[in-house]
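There are 2 protein chains.
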Amino acid sequence: MSFIDNWLRSDIKVINAYHVPYSADMVKLDAMESPFPLSDELTSQYLDYLADAQLNRYPSPNADELQQTLRELMDIPDEFGVLLGNGSDELIQLLALACDTGDTILSVAPSFVMYGMVAKFTRLNYQSVALTNDFEIDADAMQKAIQIHNPKLIFIAYPNNPTGNMFNRATIERIITSSKAMIVLDEAYYAYATDSFLTDIAKYPNLVLLRTVSKIGFAGLRLGLLIAAKDTVKQLDKLRLPYNINTLTQVSANFLLQEKGIINANASIILAQRQILFDALVKTKVLKVYPSQANFILFKAPNANILFGFLRDNGILIKNLSTTKQLTDCLRVTIGTLKQNQKFINIVKSFYNPTRRRK
Amino acid sequence: MSFIDNWLRSDIKVINAYHVPYSADMVKLDAMESPFPLSDELTSQYLDYLADAQLNRYPSPNADELQQTLRELMDIPDEFGVLLGNGSDELIQLLALACDTGDTILSVAPSFVMYGMVAKFTRLNYQSVALTNDFEIDADAMQKAIQIHNPKLIFIAYPNNPTGNMFNRATIERIITSSKAMIVLDEAYYAYATDSFLTDIAKYPNLVLLRTVSKIGFAGLRLGLLIAAKDTVKQLDKLRLPYNINTLTQVSANFLLQEKGIINANASIILAQRQILFDALVKTKVLKVYPSQANFILFKAPNANILFGFLRDNGILIKNLSTTKQLTDCLRVTIGTLKQNQKFINIVKSFYNPTRRRK
């Protein structure tokens, strides 16, 4: 037995490393990325801006300029605090580290896998309450779980990933007001949703929001933010590793995220494309298509595994969730460009209608 | 009492947030940064290279190209594994997360403050063994501490920060061979040292190395690396947050760190400047100057606090360690350019020789 096998705690040893599928030369509709690259003009401007960055010096410790840019991009009131992370993942981990030994993190299932992973990394208990068949929070089961497990943190993705729906607002409000936990609403998909709890932070001191720029065109930046009451952010900030946001990210994001017009216009295109793709998927009549408030669509497909492979063989990568509990035969497709979506839907159609395929 | 005051564990509440001193328009000799900016030519080339980065897509999950570049820059044998982090800090935290509830981290004091901070963040026990008066590891006290505390992780900075010396190699070897702990040698200052444990990884399965590009010209990148046996890295990698190194860092670092010639030449200049500065500080006769294997010099100064303020008032920021245990009256100066070092030494001289100052 090697040193590390003896040394490492067994619950980490049994984890399978996070697997990222091979995607070179494929149409990537698997990871909720924006399909829109930067324009050459904007790239050139931002690189000019980056030329002045002093890479031999440590970054600005608090990234004040970037914080201000994010406040303007996302209309974050001055009265709230903002904390930056390398992706929401780092902030999820920071929140878990703020908990104490023996504490419990509660969430729902199916939802974003990192809540459970980070609970494991940080040696906390993790509990999840199964969503109802229409992917709604089971309010009574949730209240019961809160009573039994007395969670320190409750993570709720709003809208939810991978199901795409927004949970009932009243149910979430009840969770916030009936629990002593910190409630973390993960609004990664806020740009594609009709509701947000952003302004509710003023009302609920135990409410914390997570957002990211990954789904609005900047997945490569790995920039997430936590929004909460100022005194909450001031305390949580003590757990942030020094200089966590590097100079390249600060300077680049500060420039690029000022382009609110472009970012919003791209989001509008995705919203329109989502509707078109939703209608097209419904029209196949073989698929069960779930309504979405995000930049992806979940659907249940006969022979989902085979369809997934058929799409892959035809150069389109989506996400196969068919082995996830409650998501049997489900696949998730990220909204791409008009052309990408058309290619995707044509392959789906030809899969279920092979006669047409052969024509 | 606010929500967060009730909610947060008390050992975090009592922490004072990491304070970064104001340094605009000052000669920064406080943070072990390289004083050498990129040439305009190299900046222009690297920005051209960066123009092709697809910021709307997630980064390469394993940063394979950058890993290879780092292997070549630091002569890391193929047989070892490499794990990348946002600064060594993220890797120190990852190692702490690999430990189990109740485990102990052991280090020496004074040393890098993040070992103790991260132990606190990750809810582990932390113990440190006091260095001897000449900043050497007290081998017997260390053995005793290992027996009493049975540490899971032992952090040793080699060379040590803030003292600047390299500990006795035989003492470290004894620690490695006599303990079941994972021994983490933090070689942040490797570029300025005459010894390294890099190749010893082949001999000692419980030896892990940390390095960073922060001290060799790229503090703004926040890029650290862990080097260890391949099976160790494979297991630790499970605790790495997905896509932790963003696209900007991967692409920029991959280009910039191929400039091994420039990086080594800059390190040579610092080594020569370190000798000149050391001699000049000794020549003042009022200072006790400690030998250094790093890009900084620690010295004990009469009226250290006043000297620190005098330097600051004259536009030079160094690090005041005078309230650190075992470092009474000690200051730490980072090696800068010839001109910066001269300015620094002239102010020190004028402080102790006010007559000369008035001339």
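Listed in order, the protein sequences are those of chains A and B.
In terms of numbering that gives the first Met the number 0, the first sequence has 235 at position 236, counting the first letter as 1, and numbering is strictly consecutive.
In terms of numbering that gives the first Met the number 0, the second sequence has 257 at position 258, counting the first letter as 1, and numbering is strictly consecutive.
Just so it is clear, CB atoms sit at the ideal spot from N, CA and C, and this is done for glycine as well.
Here the structure is a predicted model, which means the values were calculated and not measured.
Contact criterion: CB-CB distance below 9 Å. Does residue i meet it with respect to chain A?
i: residue 19 of chain B; result: yes
i: residue 187 of chain B; result: no
i: residue 35 of chain B; result: yes
i: residue 53 of chain B; result: yes
i: residue 217 of chain B; result: yes
i: residue 151 of chain B; result: yes
i: residue 409 of chain B; result: Only positions 0 to 358 of chain B appear in this structure, which leaves residue 409 of chain B out of reach.
i: residue 255 of chain B; result: yes
i: residue 85 of chain B; result: yes
i: residue 11 of chain B; result: yes
i: residue 40 of chain B; result: no
i: residue 43 of chain B; result: yes
Could you check which residue in the options has the C-alpha nearest to that of residue i?
i: residue 63 of chain B; options: B/352, B/270, B/243; result: B/243
i: residue 348 of chain B; options: B/247, B/314, B/337, B/285; result: B/285
i: residue 15 of chain A; options: A/116, A/271, A/183, A/287; result: A/116
i: residue 217 of chain B; options: B/312, B/94, B/85; result: B/85
i: residue 312 of chain B; options: B/1, B/5, B/23; result: B/23
i: residue 163 of chain A; options: A/345, A/338, A/326; result: A/326
i: residue 292 of chain A; options: A/188, A/79, A/324; result: A/188
i: residue 305 of chain B; options: B/324, B/329, B/13; result: B/329
i: residue 155 of chain A; options: A/196, A/309, A/231; result: A/196
i: residue 26 of chain B; options: B/350, B/333, B/353, B/354; result: B/333
i: residue 353 of chain A; options: A/317, A/318, A/11, A/309; result: A/309
If you follow the alpha helix (DSSP H) that residue i is in, where does it begin and where does it stop?
i: residue 125 of chain B; result: From DSSP, residue 125 of chain B is part of no alpha helix (DSSP H) but of the beta strand (DSSP E) over 124-129.
i: residue 19 of chain B; result: Premise fails: residue 19 of chain B is in no alpha helix (DSSP H) and is neither H nor E.
i: residue 282 of chain A; result: 259-282
i: residue 42 of chain A; result: 39-49
i: residue 11 of chain B; result: 9-12
i: residue 68 of chain B; result: 63-73
i: residue 311 of chain A; result: 303-312
i: residue 337 of chain B; result: 337-351
i: residue 29 of chain A; result: Looking at the DSSP string, residue 29 of chain A is not in any alpha helix (DSSP H), and its letter there is neither H nor E.
i: residue 5 of chain A; result: 2-6
Would a check of beta-carbon distances place residue i closer than 9 Å to chain B?
i: residue 337 of chain A; result: no
i: residue 115 of chain A; result: no
i: residue 343 of chain A; result: no
i: residue 262 of chain A; result: no
i: residue 199 of chain A; result: no
i: residue 251 of chain A; result: yes
i: residue 234 of chain A; result: yes
i: residue 172 of chain A; result: no
i: residue 202 of chain A; result: no
i: residue 244 of chain A; result: yes
i: residue 191 of chain A; result: no
i: residue 179 of chain A; result: yes
i: residue 176 of chain A; result: no
i: residue 314 of chain A; result: no
i: residue 8 of chain A; result: yes
i: residue 221 of chain A; result: yes
i: residue 340 of chain A; result: no
Note down, in chain order, every chain A residue with its Cβ under 8 Å from the Cβ of residue i.
i: residue 14 of chain B; result: 237
i: residue 272 of chain B; result: Going along chain A, no residue has its Cβ under 8 Å from residue 272 of chain B, so there is no contact; the nearest lies around 15 Å.
Note down, in chain order, every chain A residue with its Cβ under 9 Å from the Cβ of residue i.
i: residue 25 of chain B; result: The premise fails here: residue 25 of chain B is roughly 12 Å from chain A at the closest Cβ pair, so nothing lies under 9 Å.
i: residue 360 of chain B; result: Since the first residue of chain B shown is 0 and the last is 358, residue 360 of chain B is not available in this structure.
i: residue 63 of chain B; result: None at all; the shortest Cβ gap to chain A is about 12 Å.
For a contact meaning CB atoms closer than 7 Å, what does residue i contact in chain B?
i: residue 327 of chain A; result: Per Cβ cutoff of 7 Å: no residues; residue 327 of chain A is ~25 Å from chain B at best.
i: residue 205 of chain A; result: 2
i: residue 32 of chain A; result: 55, 56, 57
i: residue 248 of chain A; result: 245, 247
Using the beta-carbon of each residue, which ones in chain A are nearer than 7 Å to residue i?
i: residue 92 of chain B; result: 240
i: residue 96 of chain B; result: 120, 121
i: residue 60 of chain B; result: 19
Could you name the residues of chain B that residue i contacts, counting a contact when the two beta carbons are closer than 9 Å?
i: residue 0 of chain A; result: Result: empty, since nearest Cβ-Cβ is about 11 Å, beyond 9 Å.
i: residue 111 of chain A; result: Correct list: empty, because the minimum Cβ distance to chain B is about 12 Å.
i: residue 89 of chain A; result: 85, 89, 240, 243
Residue range of the beta strand (DSSP E) that residue i falls in?
i: residue 84 of chain B; result: 79-85
i: residue 296 of chain B; result: 295-299
i: residue 106 of chain A; result: 103-108
i: residue 332 of chain A; result: 329-333
So which residues on chain B does residue i lean against when the C-beta distance must stay under 8 Å?
i: residue 331 of chain A; result: Near residue 331 of chain A there are no residues of chain B at all, since even the closest Cβ is about 15 Å away, more than 8 Å.
Say the cut is 8 Å; is the CB of residue i nearer than that to a heavy atom of the ligand ATP?
i: residue 94 of chain A; result: The ligand content of the structure shown is nil, which means the ligand ATP is not present either.
Continuous alpha helix (DSSP H) assignments of at least 4 residues falling wholly in the segment 111-186 of chain A: 113-120, 138-148, 168-177
At 3 residues or longer, what runs of the beta strand (DSSP E) sit wholly inside the segment 196-261 of chain B? The segment 196-261 of chain B contains these whole beta strand (DSSP E) runs: 206-211, 222-228.
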